[in-house]
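Peer 1:
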Amino acid sequence: MATVSAKVYEHHKKADGTYNVKICVYHKGIRKYIDTTHFVVRKQLTKDFKIKDPFITDIVEQQLRKYRNTISDLEAKLDHFSTETLRDFLRDMEEDIDFVKFCDDHIKTLRENGRIKSAENFNVVRNSLVDYFKTDSFSINQIHYTMLLSYERFLKSERTMTRLNQFGKPVTTIAKGVSSSAVHNYMRDLRTLFNAARNRYNEEDIGIFRIKHYPFKKYKVGTPPPRGKDRNNTIEEVLAIRDCVTKSGSRAELAKELYMLSFYLCGTNAVDFYQIGSQNLKNGRFEYNRSKTTGRRKDDAFISVKIIDEAKPLLEKYIGKLPMRYSTVGCLNKALSKGMEQICHMTGLSGVTFYWARHTFANVARNDCRMSKDDVALALNHVDEGNRTTDIYIAKDWKIVDDVQNRVMEKLKEIEVKSMTKQDKKGSIASVAA
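With the first letter of the sequence shown counted as 1, position 251 gets the number 338 in this note's numbering; the numbers rise by one all the way through.
(1) Around the C-beta of N286, are 16 or more other C-beta atoms found within 10 angstroms, so that it is buried, or is it exposed?
(2) Excluding sequence positions up to five away, which residues of its chain have a Cβ less than 7 Å from the Cβ of C456?
(3) Which of helix, strand or coil does DSSP assign to A102?
(4) Expressed to the nearest angstrom, what Euclidean distance is found between the alpha-carbon atoms of R155 and T90?
(5) For A449, which residues in the same chain have their Cβ closer than 7 Å to its Cβ, ignoring the five residues on either side in sequence?
(6) DSSP three-state label for V325, please.
(7) Please give me, in chain order, every unbroken run of the alpha helix (DSSP H) with length at least 4 that falls completely inside the stretch 199 to 257.
(8) In terms of alpha-carbon separation, which member of E97, F168, A163 lies closest to H114?
(9) If you draw a straight line from the alpha carbon of T477 to that of D484, how long is it in whole angstroms?
(10) How long is the line joining the alpha carbons of A339 and Y361, rounded to whole angstroms?
(11) Does the stretch 262 to 273 come within contact of the stretch 219 to 235, defined as at least 3 CB pairs closer than 8 Å?
(12) Measuring CA to CA, which of A398, V358, P311, K305 is closest to E344?
(13) In chain order, which alpha helix (DSSP H) runs of at least 4 residues are fully inside the stretch 134 to 161?
(14) Less than 8 Å between the beta carbons of R297 and M427, yes or no?
(15) Going along the chain, which unbroken runs of the alpha helix (DSSP H) with 4 or more residues stay wholly within the stretch 330 to 413?
(16) DSSP three-state label for A464, please.
(17) Just to confirm the assignment, what range does the beta strand (DSSP E) spanning R178 have?
(18) Helix, strand or coil: how does DSSP classify T508 here?
(19) For T157, which residues in the same chain have their Cβ closer than 7 Å to its Cβ, ignoring the five residues on either side in sequence?
(20) Can you grab the Cα-Cα spacing for the pair F241 / F281, in whole Å?
(21) Starting from S437, follow the beta strand (DSSP E) in both directions and report where the run begins and ends.
(22) Which stretch, first to last residue, makes up the beta strand (DSSP E) that contains T279?
(23) Could you round the C-beta distance between S378 and D359 to whole angstroms and report it? I think they count as a contact, below 8 Å.
(24) Could you give the C-beta distance for Y96 and F136, rounded to a whole number, given that I count them as a contact under 8 Å?
(25) Buried or exposed for I328, going by 16 or more other Cβ atoms inside 10 Å?
(26) Run through DSSP, which three-state label would H193 get?
(27) Would a C-beta distance cut-off of 8 Å place I394 and L402 closer than the cut-off?
(28) Does the distance from the C-beta atom of L341 to that of L423 stay below 8 Å?
(29) Could you pull the DSSP bridge partners for F186 from this structure?
(30) If you draw a straight line from the alpha carbon of S92 to that of K130, how long is it in whole angstroms?
(31) Around the Cβ of L173, are there at least 16 other Cβ atoms within 10 angstroms (buried) or fewer (exposed)?
(32) Starting from the C-beta of S365, find all residues in its chain whose C-beta is less than 8 Å away, skip the five residues before and the five after it, and write them out in chain order.
(33) Around the C-beta of G417, are 16 or more other C-beta atoms found within 10 angstroms, so that it is buried, or is it exposed?
(34) Based on DSSP bridge pairs, tell me the residues matched to C111.
(35) Would L465 and V488 qualify as a contact pair, given that the criterion is a beta-carbon distance under 8 Å?
(36) On the criterion of 16 or more Cβ atoms from any shown chain inside 10 Å, does H193 qualify as buried, or is it exposed?
Rendered as structure tokens:
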């Protein structure tokens, strides 16, 4: 049976002459200690360092009774506790969980594990919650059904946001309300964070529930709303993006060139361009693990793409250098967003984002080049859920990816030639007319 008792140790005397009262947790022959908020001086102790002050004794005894009742309630479950975990459980059982602190710890772990994109998505939600509560510290108990409804309305409304830029300086902006699709993503990611907190702090198999409520049982995130217009460009629009004139070093140039680099390299995501370095360029190939799904797949989401001539100068210009320009992939994404807005203004396009390059590559491969869905999926580094077992037996053939890539590039050149021929004809007709 585990026991708890109050202890004061002579060698723990502090510089101001006080001693901290500690709770000793004894379990399985090992002692661990919990610091209390109570301090005593020498005259409040007996000669063998027992507490003789009745006021302190009464307060400490109340805490000991709570711990003893908890230990009694655990009964046979105590066998599942080490001394350290029992100490931590007793110490933390009545402490509110700071949800922002949890988010920060969780996001840090994701970054350390290379899940940069997930970390950035959760950081967006974390920041929006700080905006909503107007404080960077709040209890997880403040996240409940009514709050979720209010938070949803908050996301849809215009709001003031203060964020650190790439130089670490706070910048305040007025943000418009987000779309229904974006609200769904916020609520989905908040639910994922809440579930992660429950997994960390609850031990359901032994009946420990530090987080007792679950607002998402009543609040339903549901399925994402229907997508609006297709998020892909025609080949003519790709050429317009490629050929638009941008200022050197501008965000428009960054967006244009990374859009094209993504299109050339089978729809590579921005986070992967941000993370990879020269070590990922091997024997004329671009080899990396897709950040979005690495760690969740047995193959670690590895892909090998041929470095075509069009991609070489862009790889040389950007690979390994983006982290020097942007402190986080979130900052890069913001720059790409602003840059693509400028590109749209220059080309007369509307709503195009960097991510459209991936969709466009896939659509051209399937609809214009008539490549099979399986081959397109391989080029996009997707997993075929229906053939997971079969995929165990089949080694990946990167020549298939090369073939998809080559066919898309051929289609790009074909349309480019047709466009140039059409312009030449118009020029000849205009000359004759003159």
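Even glycine gets a Cβ: it sits at the ideal position worked out from N, Cα and C. All values derive from a computational prediction rather than experimental measurement.
Peer 2: Looking at the coordinates:
(1) Per the 10 Å Cβ criterion, exposed.
(2) R494, V495, K498
(3) coil
(4) R155 and T90: Cα-Cα distance of roughly 7 Å.
(5) G354, V463, L467, listed in sequence order.
(6) helix
(7) 203 to 220, 232 to 243
(8) Among E97, F168, A163, the Cα nearest to that of H114 is on F168.
(9) Caution is warranted here: a pLDDT of 48 is assigned to T477, below 50, making its placement in the model unreliable, and the coordinate value is therefore given only provisionally. Computed Cα separation, rounded: 14 Å.
(10) 17 Å
(11) As far as the Cβ criterion goes, the stretch 262 to 273 does not touch the stretch 219 to 235, which means the pair count is below three.
(12) Per the Cα distances, A398.
(13) Complete alpha helix (DSSP H) runs here, min 4: 141 to 161.
(14) No, they are not a contact pair.
(15) 338 to 351, 357 to 362, 399 to 405, 409 to 412
(16) Annotated three-state conformation of A464 is helix, per DSSP.
(17) R178 -> not in any beta strand (DSSP E); alpha helix (DSSP H) instead, spanning 170 to 179.
(18) helix
(19) Excluding sequence neighbours, T157 sits near L177, M180.
(20) 19 Å
(21) Note, S437: premise wrong, no beta strand (DSSP E); not H, not E.
(22) From DSSP, T279 is part of no beta strand (DSSP E) but of the alpha helix (DSSP H) over 267 to 288.
(23) 5 Å
(24) 7 Å
(25) buried
(26) helix
(27) Taking 8 Å as the cut-off, the Cβ atoms of I394 and L402 count as close.
(28) yes
(29) When DSSP reads this structure, F186 sits in no beta bridge, so it has no partner.
(30) 21 Å
(31) buried
(32) I406, G407
(33) buried
(34) The partner list for C111 (beta bridge, DSSP) reads S92, Y120.
(35) Taking the C-beta atoms as reference points, V488 is found nearer than 8 Å to L465.
(36) buried
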